[in-house]
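**Student:** Each position in the sequence shown, counted from 1, maps to that position plus 41 in the numbering used here. The C-beta atom is built at its ideal place from N, Cα and C for all residues, glycine as well. All values derive from a computational prediction rather than experimental measurement.
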Amino acid sequence: MAQVEVLFENGKIVTPGKVIEGFVAVNGEKIVAVGQGGIAPEARKVIDLKGRLLIPGVVDPEVHFGSHRWVGDEFDSETRGAAAYGITTWGFMQPSPNMGQPYKAEKSEEEVVPYGDVFHLFKELGESRSMVDFFLTPKILKDEHALEIPTLARDFGLTSFKYQLHLMSPERTARFWPNRKSQGYFGYDDGTIYLGLEAVAKLGPPAIVCMHCENWEIARLFEERLIRAGRKEYRCWNQRSPHFCEAGHVRTYAYYARIAKCPLYVQHTTTPETIEEITRARAEGGIVYSQTGPHYLSLTEDAWRINVPLRSQETIEILWQALADGRIDAVGSDHTNANKSRKEMEVPGDIWATNTGFPSRGEAALPVMLNDGVNRGRISLARLVQVCCENPARIFGLYPKKGVIAPGSDADLVVVDLDRKVTVTNDMVYSSAGWTLWEGKEMKGWPVLTMLRGKVVAEWAEGARRPKIVSNPFGRYQPRSLGSSGHR
42 MAQVEVLFEN GKIVTPGKVI EGFVAVNGEK IVAVGQGGIA PEARKVIDLK GRLLIPGVVD
102 PEVHFGSHRW VGDEFDSETR GAAAYGITTW GFMQPSPNMG QPYKAEKSEE EVVPYGDVFH
162 LFKELGESRS MVDFFLTPKI LKDEHALEIP TLARDFGLTS FKYQLHLMSP ERTARFWPNR
222 KSQGYFGYDD GTIYLGLEAV AKLGPPAIVC MHCENWEIAR LFEERLIRAG RKEYRCWNQR
282 SPHFCEAGHV RTYAYYARIA KCPLYVQHTT TPETIEEITR ARAEGGIVYS QTGPHYLSLT
342 EDAWRINVPL RSQETIEILW QALADGRIDA VGSDHTNANK SRKEMEVPGD IWATNTGFPS
402 RGEAALPVML NDGVNRGRIS LARLVQVCCE NPARIFGLYP KKGVIAPGSD ADLVVVDLDR
462 KVTVTNDMVY SSAGWTLWEG KEMKGWPVLT MLRGKVVAEW AEGARRPKIV SNPFGRYQPR
522 SLGSSGHR
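#1: Going by DSSP in three states, P304 sits in which element: helix, strand or coil?
#2: Are the Cβ atoms of T312 and T356 separated by less than 8 Å?
#3: Mapping the DSSP letters down to three states, classify Q205 as helix, strand or coil.
#4: For the alpha helix (DSSP H) containing Y235, list its first residue and its last residue.
#5: Classify S382 as buried or exposed, calling it buried when 16 or more other Cβ atoms lie within 10 Å of its own Cβ.
#6: Which stretch, first to last residue, makes up the beta strand (DSSP E) that contains N68?
#7: Since I believe G373 is in contact with Q308 (beta carbons under 8 Å), could you give me their beta-carbon distance rounded to a whole number of angstroms?
#8: Quick test of your reading: L95 and F49, contact by CB under 8 Å. State the CB separation rounded to the nearest angstrom.
#9: Given this structure, state the Cα-to-Cα distance separating R110 from V463, to the nearest angstrom.
#10: Could you give the DSSP three-state label for S331: helix, strand or coil?
#11: Could you please give me the residues that DSSP links to L48 through a beta bridge?
#12: Which residues bound the beta strand (DSSP E) around V498?
#13: Output needed for A394: all residues of its chain with C-beta closer than 7 Å, excluding positions within five of it in sequence on either side, in chain order.
#14: Quick one: residues in its chain with C-beta nearer than 7 Å to the C-beta of V45, no 5 flanking neighbours on either side, listed in chain order?
#15: Look up M252 in the DSSP assignment and give the residues it is bridged to.
#16: Measuring alpha carbon to alpha carbon, tell me which residue in R435, R195 and W487 is nearest M469.
#17: According to DSSP, simplified to helix, strand and coil, what is E325?
#18: Pick helix, strand or coil for V291, following the three-state DSSP scheme.
#19: Hey, quick one: how far does the beta strand (DSSP E) through Q135 stretch, first residue to last?
#20: Is it true that the CB of A187 sits closer than 8 Å to the CB of T233?
#21: Do T129 and D196 count as a contact pair if the criterion is CB distance below 8 Å?
#22: Based on the DSSP secondary-structure assignment, which residues constitute the bridge partners of T464?
#23: Within this structure, are the beta carbons of L439 and T200 separated by less than 8 Å?
#24: Is M469 helix, strand or coil when you go by DSSP?
#25: Measure from the C-beta of G228 to each C-beta in chain B and report whether the shortest distance is under 8 Å.
#26: If distances are taken between C-alpha atoms only, which option among W476, M140, L364 and A125 comes closest to C429?
#27: Could you pull out every residue in the same chain whose Cβ sits closer than 7 Å to the Cβ of T293, ignoring the five residues on either side in sequence?
#28: Specify, as a first and last residue, the run of the beta strand (DSSP E) that I72 falls within.
#29: Which same chain residues, not among the five before or five after K145, have their C-beta less than 7 Å away from its C-beta?
#30: Helix or strand or just coil, what does DSSP make of E103?
#31: Helix, strand or coil for A371? Go by DSSP, reduced to three states.
#32: Identify whether D114 lies in helix, strand or coil by the three-state DSSP scheme.
#33: Near K180, which residues of its chain fall below 7 Å by C-beta distance, leaving aside the five closest residues on each side in sequence?
#34: Along the chain, where does the alpha helix (DSSP H) that runs through L262 open and close?
#35: On the DSSP letters alone, give me the boundaries of the beta strand (DSSP E) that F175 sits inside.
#36: Would V99 and A379 qualify as a contact pair, given that the criterion is a beta-carbon distance under 8 Å?
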């Protein structure tokens, strides 16, 4: 082989199905060779792995921008944190009022516009500001969005679409969702959902519908009872949305998806009951995928309020088991930003007065999976790469361009030091919020170099407080092609 631009050598390479000791050669934006033994090609730049791991860049399929500030500013700050900590492809789940229009805290129904009218804004902002590659999953907010689906797939390469089921009812949404107007949710019904299921089914693979399953119409009853009882400790947020509120939605909408012959992606799998319903749906012939998040795998109900809620330590162990044995397919950070400090958002001891959500989930995703997963023996390295890289890329139509170390794939690569121990501090955070719920936790296993399409974008020197961004933004929108991959 002729001289290549970059050579990774002297390390352990996590390839599909096995970990090898070898090398990876990169030319331009692509991987051109993966070797085990033999003679490596000459290279203009050699990166000595020093026995460390080389994994594919993380493909994180769930990120939300624009709830609290302009999307362009979110690209500037949040994608730096993603690149610093091993994410190379982000999947944004956006409502149509938050595609790059000037930020407004409240939206009118007239601003819930067709995605075809505003897609260019999001693409242009991302390609001028993002440190990582990205794709888009539009949120369906009304019938007109569902009817747009064939055109969006044909013209823009959009093949995944999302419903947030807890925000369906106009009355309940107005009462229980403080960011409703900034997101553009004014209520829709099961007809809107079925329109989308039908449209996506007609597209064929890799088209898929994603769902946030959580029945808030029932949750309101439990919230009212807890408040009447004078309860306000943090674990009440879990108790207001019992396991069956999540699992019941999965049973109902997995059935509708099977009738429509539409693949379904269940986000926020957080309970054993949900896992049972997904297993049932698969046995009945449905194509159903399951995602959980690093926060659901490491933080308990006493930590904060978030939708879907954090659960118990016992449930965390069940989720890890399901992730290891294949009942859960993927991990998504569910990253969102915050516009306030922790002190401004939190009222200690009062869950009802504390703000919903917390920042820096993207930055924590791979470290949590390495520390709490691999280094604690809950999952193997090969399984980590499957659930964080390969499976999301396959499910969302990006494989084998993304999610794998193989010749011809994009050179999205992450060097991991499984032995590095760091205690998390807020000054490690790139997110503009400036704080993390994992502050004070010692974690073992960290990404120390990130490469995007053949160019190093972040490096973490020994002894430095955090990785350093060493590149200007050059993230690129990733359209998906119908027929590019299949579903199980």
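**Tutor:** Put simply:
#1: If DSSP states are grouped into helix, strand and coil, P304 belongs with coil.
#2: Inclusion of T312 and T356 in the CB contact set at 8 Å is warranted, their separation being smaller than that value.
#3: Three-state result, Q205: strand.
#4: Element bounds for Y235: D231 to L244.
#5: By the neighbour-count rule (16 or more Cβ atoms within 10 Å), S382 is not buried but exposed.
#6: Here the beta strand (DSSP E) through N68 covers K59 to N68.
#7: The beta-carbon distance between Q308 and G373, rounded to whole angstroms, is 7 Å. This is short enough to meet the 8 Å contact definition.
#8: The pair is a contact, with the Cβ atoms about 5 Å apart (cut-off 8 Å).
#9: Per the coordinates, the alpha-carbon of R110 lies some 31 Å from the alpha-carbon of V463.
#10: Strand, per DSSP.
#11: Paired residues: A66 and V87.
#12: It spans K496 to E500 - the beta strand (DSSP E) in which V498 sits, taken as one unbroken run.
#13: For A394, where only same-chain residues beyond five positions count, the Cβ hits under 7 Å are V388.
#14: Same-chain partners within the cutoff: A66, V67, N68, V73, P82 and A84.
#15: For M252, which the question treats as bridged, DSSP gives the partners Y204 and V307.
#16: When only C-alpha atoms are compared, the closest one is W487.
#17: In the displayed model, E325 falls within coil according to three-state DSSP, outside both helix and strand.
#18: Under the three-state reduction of DSSP output, V291 falls in the helix class.
#19: Under the DSSP assignment, Q135 falls in the beta strand (DSSP E) whose first and last residues are I128 to Q135.
#20: It is a contact, given that the beta carbons lie within the stated cut-off.
#21: No, they are not a contact pair.
#22: The bridge partners DSSP lists for T464 are E483.
#23: For L439 and T200, no; Cβs fall outside 8 Å.
#24: In this structure, M469 counts as helix in the three-state DSSP scheme.
#25: Here there is only one protein chain, and chain B is not present.
#26: Among W476, M140, L364 and A125, the Cα nearest to that of C429 belongs to L364.
#27: Contacts found: none.
#28: Unbroken beta strand (DSSP E) run through I72: K71 to Q77.
#29: Cβ within range, chain order: n/a, list empty.
#30: Residue state, collapsed to three classes: strand.
#31: When secondary structure is reduced to three states using DSSP, A371 falls in the strand class.
#32: In the structure shown, D114 sits in a helix (DSSP, three-state: H, G or I).
#33: For K180, where only same-chain residues beyond five positions count, the Cβ hits under 7 Å are M134, Q135, P136, K203 and Q205.
#34: DSSP places L262 inside the alpha helix (DSSP H), whose first and last residues are W257 to R269.
#35: Here the beta strand (DSSP E) through F175 covers D174 to P179.
#36: By the CB criterion at 8 Å, V99 and A379 fall outside the cutoff.
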